[in-house]
Amino acid sequence: MTIPHRAQLTIDLAAIAENYRRLQRMLGEGTRCGAAIKADCYGLGAAKIARVLAAAGCRDFFVATTSEGIAARAVLDSARIFVLMGPADDDRGAYAAHRLTAVLNTRDQIEEWLARDAAESALPVALHLDTGMTRLGIPLEEIESLLRERKNLQKLKVCHILSHLACSEETENPMNALQRDQFVLLSERLLPLWQPRPERSFSNSSGIYLGRSYHFDIVRPGAALYGLNPTPGHENPMENVVTLEARIQQVRTIDAGRTVGYGATHRFPGPTRVATLAAGYADGIFRSLSNRGAVYVSGHRAPIVGRVSMDLITIDVGHVPEHLTRPGSMVEILGPHQSPDDLALAADTNGYEVLTAFGRRYQRRYLPAP
Ligand SMILES: *Cc1c(COP(=O)(O)O)cnc(C)c1O
Numbered sequence: 367m368t369i370p371h372r373a374q375l376t377i378d379l380a381a382i383a384e385n386y387r388r389l390q391r392m393l394g395e396g397t398r399c400g401a402a403i404k405a406d407c408y409g410l411g412a413a414k415i416a417r418v419l420a421a422a423g424c425r426d427f428f429v430a431t432t433s434e435g436i437a438a439r440a441v442l443d444s445a446r447i448f449v450l451m452g453p454a455d456d457d458r459g460a461y462a463a464h465r466l467t468a469v470l471n472t473r474d475q476i477e478e479w480l481a482r483d484a485a486e487s488a489l490p491v492a493l494h495l496d497t498g499m500t501r502l503g504i505p506l507e508e509i510e511s512l513l514r515e516r517k518n519l520q521k522l523k524v525c526h527i528l529s530h531l532a533c534s535e536e537t538e539n540p541m542n543a544l545q546r547d548q549f550v551l552l553s554e555r556l557l558p559l560w561q562p563r564p565e566r567s568f569s570n571s572s573g574i575y576l577g578r579s580y581h582f583d584i585v586r587p588g589a590a591l592y593g594l595n596p597t598p599g600h601e602n603p604m605e606n607v608v609t610l611e612a613r614i615q616q617v618r619t620i621d622a623g624r625t626v627g628y629g630a631t632h633r634f635p636g637p638t639r640v641a642t643l644a645a646g647y648a649d650g651i652f653r654s655l656s657n658r659g660a661v662y663v664s665g666h667r668a669p670i671v672g673r674v675s676m677d678l679i680t681i682d683v684g685h686v687p688e689h690l691t692r693p694g695s696m697v698e699i700l701g702p703h704q705s706p707d708d709l710a711l712a713a714d715t716n717g718y719e720v721l722t723a724f725g726r727r728y729q730r731r732y733l734p735a736p
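As structure tokens, this is what we get:
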């Protein structure tokens, strides 16, 4: 027996592979394209997607946590897996056992790493320099004092130095060049401490579009691989990856003056028809889309009316031909008419949050990479 599904999330693996190749083509000879696959590949399914990226040529993967690294290693044989948050005192042994590359962000992490068993502390590691993001990474002031104790630093086997842009989607923001120049200055003082010289990475998706001087040895896109627009304000250069459809559960005819949903926040000014769709805020249809967002019924825009509830939303389909709105029909929430970035705009968030909020209730379908 097949279990009937009420809402379906389709993830196009061929589009992800194509996006990877597109980004790789933008890079010069000496630069490789890595991939950020943290948070389960932005909610889309790391186990499947990491394999596709590896087959497309990706050798450097970036996850957030040690457990994400362990999960990624189960599907990636030889690739490097960088753990961006770096080691914690409860994951001793995991880096050696799963061949993970720790990103060291603080003096404490460096000390804790050097205190580990030789099998682990001799593994290659990455150093994260904070050049202005002020989130993770070694702050400027501390880099100076670390450089004064270079003996300690040289006990580490540093293979990689990275930093992260704060404003990469804003091409005109002067912060970008300031961070890059700071990164060049600091990393050039550090690089000679190790043989072979560590490689460097700096750019996320949007950073790649700032130009070659932002590329260094490896780039670390996430969003663009999954179809989000790395160049806001310009046409999206990436292939769309995600389609999300929900089933019409119920349709009703409405008289003028009636209200809909919790709080009765929408009152219909005239007669219309309303369809109830099987997806709500538990499925990542943000409550902030109440009376704001829209979906597409066979290409017809249908506004969300009333509050988004946990499992359901209600849409006005008064102007949509009746035969397209029968119970059981599937309605596009994301797809050719509406990208995750579009939905994000209506919900007052970004495409990243749209993707990572999908939840576990959708029937997931993966279109294979060729
Ligand atoms: C998430 C992340 C990336 C990827 O960023 P996108 O904007 O999704 O391309 C790269 N580097 C670091 C350190 C990150 O945390």
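In terms of this note's numbering, the sequence shown is residues 367 to 736.
Don't be surprised by glycine CBs; every beta carbon is placed ideally from N, CA and C.
Here the structure is a predicted model, which is why all the values come from computation and not from measurement.
Review point. Using CA coordinates, which residue listed in ARG566, ALA590, LEU610 is at the minimum distance from ARG727?
Key: Here residue 727 refers to the residue found at position 361 when the sequence shown is read from its first residue. When only C-alpha atoms are compared, the closest one is LEU610.
Practice item. Look at the alpha carbon of ALA641 and the alpha carbon of GLU384, and state the distance between them as a whole number of angstroms. Key: Translated into positions along the sequence shown, residue 641 becomes position 275. Translated into positions along the sequence shown, residue 384 becomes position 18. Rounded to the nearest whole angstrom, the CA to CA distance from ALA641 to GLU384 is 36 Å.
Check your understanding: Do ILE620 and THR638 come within 8 Å of each other at the CB atom, strictly closer than that value?
Key -> Reading the sequence shown from its first residue, position 272 is the one you call residue 638. Reading the sequence shown from its first residue, position 254 is the one you call residue 620. Contact flag set, yes.
Review point. For GLY459, which residues from the same chain have a beta carbon less than 7 Å from its beta carbon, with the 5 sequence-adjacent residues on both sides left out?
Key: In the sequence shown, the residue the question calls residue 459 occupies position 93. So the qualifying residues of the chain are GLU486.
Practice item. For GLY635, count neighbouring Cβ atoms within 10 angstroms of its own Cβ and tell me buried if that reaches 16, exposed if not. Key: As a first step, residue 635 is located in the sequence shown; it is residue number 269 there, counting from the start. Per the sequence shown, residue 635 should be read as Pro rather than Gly. Flag for PRO635 reads exposed.
Review point. What residue range is occupied by the uninterrupted beta strand (DSSP E) comprising ARG613?
Key: Taking the sequence shown and counting its residues from 1, the one referred to as residue 613 is at position 247. 608–620 is the span of the beta strand (DSSP E), which, as asked, contains ARG613.
Review point. Of all residues in the structure, which have a C-beta closer than 5 Å to any heavy atom of ligand 1, taken in chain order?
Key: ALA402, HIS530, ASN570, SER571, ARG586, PRO587, GLY588, ALA589
Practice item. Within its chain, find whatever has a CB closer than 8 Å to the CB of GLN616; leave out the 5 residues flanking it on each side and keep chain order. Key: Walking along the sequence shown from the start, residue 616 turns up at place 250. Excluding five sequence positions before and after GLN616, the CB atoms of its chain that fall closer than 8 Å to its own CB belong to ALA641, THR642, PRO693, given in chain order.
Exercise for review: Could you name the residues of the same chain whose beta carbon sits closer than 7 Å to that of MET676, not counting the 5 residues immediately before and after it, in chain order?
Suggested key: Numbered from its first residue, the sequence shown carries residue 676 at position 310. Counting only Cβ-Cβ distances below 7 Å, and skipping sequence neighbours, we find GLY646, TYR647, ALA648.
Review point. Closest to ARG439 by CA distance: which of PHE549, ALA416, GLU601, ASP456 is it?
Key: Position 73 of the sequence shown, counted from the start, is the residue given in the question as residue 439. Minimum Cα distance to ARG439 is reached at ALA416.
Check your understanding: Hey, LYS414 and TYR718 are a contact pair by Cβ (cut 8 Å); roughly how many whole angstroms apart?
Key -> The residue you call residue 414 lines up with position 48 of the sequence shown. The residue you call residue 718 lines up with position 352 of the sequence shown. LYS414 to TYR718, Cβ: 19 Å. No contact.
Practice item. With DSSP as the reference, please indicate the residues paired to GLY701 in a beta bridge. Key: Mapped onto the sequence shown, residue 701 falls at position 335. BP columns for GLY701 point to GLN704.
Practice item. Could you please give the first and the last residue of the uninterrupted alpha helix (DSSP H) stretch that includes VAL441? Key: The sequence position of residue 441 within the sequence shown is 75, counting from 1. Looking at the DSSP string, VAL441 is not in any alpha helix (DSSP H), and its letter there is neither H nor E.
Check your understanding: According to DSSP, what are the bridge partners of LEU375?
Key -> One-based indexing of the sequence shown puts residue 375 at position 9. Note: LEU375 sits in a beta bridge opposite LEU610, ARG730.
**Study point:** Cβ contact check for the stretch 533–544 and the stretch 567–578: 3 or more pairs under 8 Å
**Key:** yes
Review point. Given 8 Å as the limit, is there contact between the stretch 518–527 and the stretch 544–563, that is, 3 or more CB pairs closer than that?
Key: Cβ pair count under 8 Å is three or more, so yes.
Check your understanding: Since GLU565 is in the beta strand (DSSP E), which residue starts that stretch and which ends it?
Key -> Taking the sequence shown and counting its residues from 1, one reaches residue 565 at position 199. From DSSP, the beta strand (DSSP E) with GLU565 extends over 565–567.
Review point. Is PRO428 helix, strand or coil when you go by DSSP?
Key: In the sequence shown, counting from the first residue as 1, residue 428 sits at position 62. The residue you asked about is not Pro; residue 428 is Phe in the sequence shown. Three-state DSSP puts PHE428 in a strand.
Review point. What number of angstroms, rounded off, separates the C-alpha of GLU510 from the C-alpha of ALA488?
Key: Position 144 of the sequence shown, counted from the start, is the residue given in the question as residue 510. Position 122 of the sequence shown, counted from the start, is the residue given in the question as residue 488. Cα to Cα, the separation comes out at about 24 Å.
Practice item. Compare the Cα-Cα distances from GLU605 to each of ARG658, TYR461, ALA381, GLY498 and report the closest residue. Key: As a working note, residue 605 is residue 239 in the sequence shown. Among ARG658, TYR461, ALA381, GLY498, the Cα nearest to that of GLU605 is on ALA381.
Review point. Where do the ends of the alpha helix (DSSP H) carrying LYS404 lie?
Key: Sequence index remark: in the sequence shown, residue 404 carries index 38 (1-based). Where LYS404 is concerned, the enclosing alpha helix (DSSP H) stretches over 404–408.
**Study point:** Boundaries of the beta strand (DSSP E) in which ILE574 is found, first to last residue
**Key:** The residue given as residue 574 occupies position 208 in the sequence shown. Taken as a continuous stretch (DSSP letters only), ILE574 belongs to no beta strand (DSSP E), being part of the alpha helix (DSSP H) at 571–574.
Practice item. State the Cα-Cα distance for the pair THR325 and VAL491, rounded to the nearest angstrom. Key: Examination of residue 325 is not possible in this model, given that the chain is present from 367 through 736 alone.
Practice item. Using three-state DSSP, classify ASP682 as helix, strand or coil. Key: Locating residue 682 in the sequence shown gives position 316, counting from the first residue. Three-state DSSP puts ASP682 in a strand.
Practice item. Whole angstroms is fine: what's the gap from PHE549's alpha carbon to TYR386's? Key: By 1-based counting over the sequence shown, the position of residue 549 is 183. By 1-based counting over the sequence shown, the position of residue 386 is 20. Each residue's alpha carbon lies about 25 Å from the other.
Check your understanding: Are HIS666 and HIS689 touching if we call contact CB-CB under 8 Å?
Key -> Residue numbering aside, residue 666 sits at position 300 when the sequence shown is read from its first letter. Residue numbering aside, residue 689 sits at position 323 when the sequence shown is read from its first letter. Cβ atoms of HIS666 and HIS689: not closer than 8 Å.
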